[in-house]
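Quick note on this note's numbering: the sequence shown kicks off at 144 and runs consecutively.
Glycine included, C-beta positions come from ideal geometry on N, C-alpha and C.
All values derive from a computational prediction rather than experimental measurement.
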Amino acid sequence: MAIIQFYEKPGCFNNTRQKQLLVAAGHLLVVHDLLRHPWAENRQRLRSFFGDLPVAEWFNRSAPAIKNGEINPETASETQAIEWMIADPILIRRPLMEVEGHRRAGFDAEQIEAWLGLAASSPIGDLETCPKQHKQQACRP
């Protein structure tokens with residue numbers, strides 16, 4: 144069992160499913176509102192969740208500013224990405240998780256299984272892409 148600091152967008156369908164899997168595996172979650180967290184107070188902490196991921200993979204691809212072309216993650220520098228995320232936290236890839244000082248962004252089920260262990264009695268599927276993609280209007284923070 145791990146104690147997981149879990150940063151989510153409240154009400155996010157996929158974050159809810161992710162939390163259910165982690166709790167079913169016996170983990171304890173300390174849940175934080177990713178959108179209201181004071182990231183500007185510690186930019187390096189936010190940066191540390193992304194490890195060695197390419198900058199383009201730091202982003203929530205379902206964010207309105209990305210979907211409508213205002214922001215292009217493929218061309219962002221590390222500094223620009225962090226500044227954009229501080230200004231508009233919906234851009235941050237979810238969830239952010241921390242266990243005993245180890246941090247990561249996103250929810251790749253295979254990676255989470257190897258890192259912490261998951262309880263999955265059925266196929267997990269994609270737990271990162273917003274299932275509301277077919278709708279015209281994107282989710283708002």
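query                                                                                                                                                                    : result
Leaving out the 5 sequence neighbours to the left and right, which residues in its chain are closer than 6 Å to V242 when beta-carbon positions are compared?            : A145, I147
Could you tell me which of E200, P207, I235 sits nearest to T218, measuring between CA atoms?                                                                            : E200
Rounding to the nearest angstrom, what Cα-Cα distance links Q161 and N211 in this structure?                                                                             : 27 Å
For the candidate residues H175, R237, L259, S205, whose alpha-carbon lies nearest to that of F250?                                                                      : R237
What first and last residue would you give for the alpha helix (DSSP H) that runs through F149?                                                                          : Unbroken run through F149 is the beta strand (DSSP E), 146-151; no alpha helix (DSSP H).
Ordered along the chain, which non-local residues of its own chain (more than five positions away) have a Cβ less than 6 Å from that of M228?                            : L234, I235
Within the same chain, show all residues whose beta-carbon is closer than 6 Å to that of R247, passing over the 5 residues directly before and after it, in chain order. : M240
For G260 and Q254, I'd like the C-alpha separation in whole angstroms.                                                                                                   : 9 Å
Going by other Cβ atoms of all chains shown within 10 Å of its Cβ, with 16 needed for buried, is N185 buried or exposed?                                                 : exposed
Considering Cα atoms alone, identify which of P207, A208, I214, P153 is closest to D176.                                                                                 : P153
Using C-beta distances below 6 Å, list every residue in its chain close to P266, excluding the 5 sequence neighbours before and after it, in chain order.                : With a pLDDT of 48 at P266, under the threshold of 50, the predicted position of this residue should be treated as unreliable, though the coordinate-derived value follows. Excluding sequence neighbours, P266 sits near nothing in its chain.
Report the residue from V174, H170, W182 whose alpha carbon sits nearest the alpha carbon of C155.                                                                       : V174
For H277, which three-state DSSP category applies?                                                                                                                       : Only weak support exists for where H277 lies, its pLDDT of 45 falling under 50; the coordinates are left without a value.
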